[in-house]
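See below for the structure under consideration.
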Amino acid sequence: MSLEQPGSPPSDQSNDDTWVVIPLYNEATVIGEVIAGLLPSFPNVVCVDDGSNDGSATIAEAAGARVVYHPINLGQGAALQTGFEFSLVQGARYVVTFDADGQHRVEDAQAMLKLAREQDLAIVFGSRFLDDRTNPGLLKKIVLKTAIAFTNWSTKLKLTDAHNGLRVIRDDALRQVKLRQDRMAHATEIVVRLGRTGLPWAEHPVEVIYTDYSKAKGQSLLNSVNILVDLVIR
């Protein structure tokens, strides 16, 4: 596979050097639509099925994604790590992390990848707080801002959004990420580990789409606090 050099524009718009990694757990209702939206811009999509029992993996494969299986549920952090390792074996230059529940916009992923290429960035973090398109609600905003403060204290990155699942990561940064937090605490851990690479990064404004479905799947205030406590203790 011919890979683009960092910072150079792609020779075409196929993004053949990029893999989209989607942790997948019981998202049969929406995953087919999510994959269908990605494939015209990102031909390489891998779903890591984390022990789903609702047929999510079958739907994802039928929609055109590659599927890697965890026989039991290990958590989103473990699913991401499996996806990272799979993508590197495939020769990925860039990896885009993308949620399975329909909260992310393909257009934002495209813009973030373009920024990474043009500015020779190893990491681009999506941020819902760089513009006013996203309204997470007051309680969730308080929790997210608390997570941002903790993460910025841990990493010195000074992010505006720490727990956003939409990211672009170049292979040199990705090789330095070994997630150990299998459950939701990985959301802070991945930022910590990327920050420690010392590689160039930026944030990019994104819209997070909160549907009734995604809200029902989201983390509660108690779970979010537990994430912070778990990371501090460990």
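In short: position in the sequence shown from 1, add 5, done, that's the numbering used here. The beta-carbon is built from N, C-alpha and C at its ideal position, and this holds for glycine as well.
Residue interval of the alpha helix (DSSP H) (run including residue i)
{"i": "F89", "result": "81-94"}
{"i": "V196", "result": "191-200"}
{"i": "D176", "result": "176-179"}
Cβ neighbours of residue i in the same chain (closer than 6 Å, five flanking residues each side left out)
{"i": "P205", "result": "L126, A127"}
{"i": "L44", "result": "G69"}
{"i": "R138", "result": "E212"}
{"i": "N121", "result": "In the sequence as presented, Asn is not what sits at residue 121; that position holds Ala. Result list for A121: V129, V173, in chain order."}
{"i": "Q186", "result": "G82, E194"}
Backbone secondary structure at residue i - three-state DSSP
{"i": "E208", "result": "strand"}
{"i": "G42", "result": "helix"}
{"i": "Y99", "result": "strand"}
{"i": "S61", "result": "helix"}
{"i": "R122", "result": "helix"}
{"i": "Y215", "result": "coil"}
{"i": "V111", "result": "helix"}
{"i": "L227", "result": "With a pLDDT of only 49 at L227, under 50, the local geometry of the prediction cannot be trusted, and the value read off the model is given with reservation. Residue state, collapsed to three classes: helix."}
Residue from the options whose Cα sits closest to the Cα of residue i
{"i": "L85", "options": "D54, L162, H109, F47", "result": "D54"}
{"i": "G96", "options": "V39, G82, N49", "result": "N49"}
{"i": "A207", "options": "L164, V25, A190", "result": "L164"}
{"i": "D177", "options": "H109, G42, F89, V25", "result": "F89"}
{"i": "D217", "options": "V25, V35, Q81", "result": "V35"}
{"i": "P76", "options": "A192, H109, F103, L29", "result": "L29"}
{"i": "G80", "options": "G56, F91, V73", "result": "G56"}
{"i": "N58", "options": "V51, S46, Y74, F47", "result": "Y74"}
{"i": "E91", "options": "E112, C52, H191", "result": "Sequence inspection shows Phe at residue 91; the Glu mentioned does not correspond to that position. Minimum Cα distance to F91 is reached at C52."}
{"i": "V111", "options": "I40, R71, A121, L93", "result": "I40"}
{"i": "L72", "options": "V25, Y215, S46, G42", "result": "First, the amino acid is wrong: residue 72 is Val here, not Leu. It is V25."}
{"i": "L93", "options": "F103, Q181, A114, S46", "result": "Q181"}
Cut-off 8 Å between Cβ atoms - residues of its own chain near residue i, not counting five sequence neighbours on either side
{"i": "N169", "result": "F130, G131, S132, R133, V211, V213"}
{"i": "A116", "result": "H209"}
{"i": "L118", "result": "N20, T23, Y99, V101, V129, V173"}
{"i": "G37", "result": "I64, A65, A67, A68"}
{"i": "K183", "result": "Q86, R198"}
Own chain, CB closer than 7 Å to residue i, minus 5 neighbours either side, in chain order
{"i": "E32", "result": "S61, A105, D106"}
{"i": "H191", "result": "Q81, G82, L85, L184"}
{"i": "L135", "result": "T165, E208, P210"}
Residue i: first and last residue of the uninterrupted beta strand (DSSP E) it sits in
{"i": "G131", "result": "128-132"}
{"i": "H75", "result": "71-75"}
{"i": "D104", "result": "Where D104 is concerned, there is no enclosing beta strand (DSSP E), given that its DSSP letter is neither H nor E."}
{"i": "E28", "result": "Here the sequence assigns Pro to residue 28, which means Glu is not the residue at that position. 23-29 is the span of the beta strand (DSSP E), which, as asked, contains P28."}
Counterpart residues of residue i in DSSP-defined beta bridges
{"i": "T165", "result": "DSSP, once it has assigned bridges, lists no residue as partnering T165."}
{"i": "T34", "result": "Answer is none; T34 lacks a bridge partner."}
{"i": "D137", "result": "Its beta-bridge partners do not exist; DSSP assigns none."}
Check: residue i C-beta below 6 Å from any heavy atom of the ligand GDP
{"i": "A62", "result": "Ligands are entirely absent from the displayed structure, and the ligand GDP is therefore not among its contents."}
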